[in-house]
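Working notes, structure below.
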Amino acid sequence: ETMAEPPVIIWRQEVESVLRYRDLVPRLEDALGKFSRRDSAEVVQPVRTAVPLQKHRGFMGLMPTYMENDGVLSTKFVCFYKREKGSTLPAVQATVVLLDPERGNIKAVMDGEVITAMRTAAVSAISAKLLMASGAEVLAILGTGTQALSHYTVFTEMFSFKEVRVWSRTKENVERFVRSVGGGVKGCGSAEEAVRGADVIVTVTGSTEPVLHGQWVKAGAHVAAVGACRPDWRELDDVLMKSAVVYTDSREGALSESGDVILSGAQVFAELGDVINGTKPAEREKTTVFKSLGMGVEDAVSAQLVFDQWTAKETKP
Ligand SMILES: NC(=O)C1=CN([C@@H]2O[C@H](COP(=O)(O)OP(=O)(O)OC[C@H]3O[C@@H](n4cnc5c(N)ncnc54)[C@H](O)[C@@H]3O)[C@@H](O)[C@H]2O)C=CC1
Ligand SMILES: O=C([O-])C1=[NH+]CCC1
């Protein structure tokens, strides 16, 4: 019997050097569609297990996924925390493990932070591509952390907004963000100022209370809501949740993890994959919310892409 090769380790800088949005986006669209078909030969992906780290006000999320037809088996370990204002500790830390589905050995262990930042932002951009009104001109981002930056990058790469606005809890954070993207973004003094009249709104905060209020949101706007991934955490208020057509990545995920969905009592209209598969409509003219929780299948296709590109680079003479 032959021994399996030892796992390769692909760390942050290498992931950064091989992963590109233009390669990632089509793979994620394909994965979202496959997930929503609920065919176990395509995707087996249980709802994330979240182990509370009570002492540290966080959770360890375990996100196993198997794509039988594609031969991809993976799991992500993601620790996420509720951080105090001024904390220098990271809010999210992640590692992705890729396995051989036949033998069960680990093929690769890779950094999961870049994957998490990029695949989450890419899926939000896919939601905007499908659900924002045509002729959208103004983008508003609430939050200035890791996800704010990846969302800014892919949204400005895929679309041409005339104006991008950003708001965060502190003036310093807003200024730092504006500097880090090299200007071209309008820093705002309040969330309301940032979102009034915006066509697309991205919420990427660590808040556990609503930061976006329906009263401020323009009719027909599209909201990609990325934070608040616990059943008792909120980012959006009831007014917005009840007046919008609500889309999610996973219905089961939203009904077990999204405080915005569960506590507002809003109905989930469709998954993004349903829209991609053409089984549910994209209500572009209406106010839409895409409630993102994050799925293992997104990490699986991202990790496979990193592995393939890393392998091709390593074996090049
Ligand atoms: N849906 C998904 O797939 C994913 C969701 N997330 C979630 O997205 C959120 C952002 O993640 P990162 O950018 O990595 O975190 P981060 O810590 O880098 O950034 C968080 C931002 O939110 C702000 N913030 C924190 N508490 C706030 C409050 N009470 N009110 C207003 N702003 C507040 C911070 O000042 C910072 O600008 C987190 O809730 C995280 O759990 C993260 C990864 C994937
Ligand atoms: O999907 C993901 O990686 C996460 N969702 C919420 C925190 C991390």
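The sequence shown begins at -11 in this note's numbering and counts up by one. Just so you know, even glycine gets a beta-carbon here, dropped at the ideal spot from N, CA and C. Because the structure is a prediction, the values reported are computed rather than measured.
| message | Under 8 Å: do the region 193 to 206 and the region 257 to 272 share three or more Cβ pairs, one atom per stretch? | response | no
Along the beta strand (DSSP E) that carries Phe68, what are the first and last residues, could you check? Val60 to Tyr69
- Task: Give me the Cα-Cα distance between Glu302 and Leu293, rounded to the nearest whole angstrom.
- Result: 14 Å
When you measure from the CB of Thr104 to every non-hydrogen atom of ligand 2, does any distance come out below 6 Å?
yes
Short Cβ contact (7 Å threshold) for Gly100 with Phe68: no
* To do: Kindly examine ligand 2 and report whether one of its heavy atoms sits closer than 6 Å to the Cβ of Val66.
  => yes
Reference Asn57; option with closest CA among Pro78, Gly253, Ser148 and Val31
Val31
| field | Closest residue to Leu281 among Lys268, Leu243, Ala291 and Pro269 (Cα-Cα distance) | value | Leu243
Exercise. Is the Cβ-Cβ distance between Thr37 and Gly284 less than 7 Å?
Worked result: no
ask   = For Trp221, which beta-bridge partners are listed by DSSP?
value = BP columns for Trp221 are empty, so no partner.
* With a 10 Å radius around its C-beta and 16 neighbouring C-beta atoms as the bar for buried, classify Val102 as buried or exposed. => buried
| said: I want to know whether the region 272 to 281 touches the region 219 to 231 - three or more CB-CB distances under 8 Å. | reply: yes
Worksheet item: Which same chain residues, not among the five before or five after Asp11, have their C-beta less than 7 Å away from its C-beta?
Response: Leu293
inquiry  = For Glu2, tell me which candidate among Lys304, Pro305 and Trp298 has the shortest Cα-Cα distance.
reply    = Trp298
For Ser156, decide whether its Cβ has a neighbour in chain B, counting only Cβ atoms nearer than 7 Å.
Although the question refers to chain B, the structure presented lacks it and comprises just one protein chain.
Query - Touch test, the region 243 to 254 against the region 216 to 229, Cβ-Cβ under 8 Å, three pairs minimum - result: yes
inquiry  = If the criterion is Cβ atoms closer than 7 Å, does the pair Ala110 and Val13 meet it?
reply    = yes
Is it the case that the Cβ atoms of Ala179 and Val154 are separated by a distance below 7 Å?
no
By the 10 Å Cβ neighbour count, where 16 or more other Cβ atoms means buried, how is His139 classified, buried or exposed? buried
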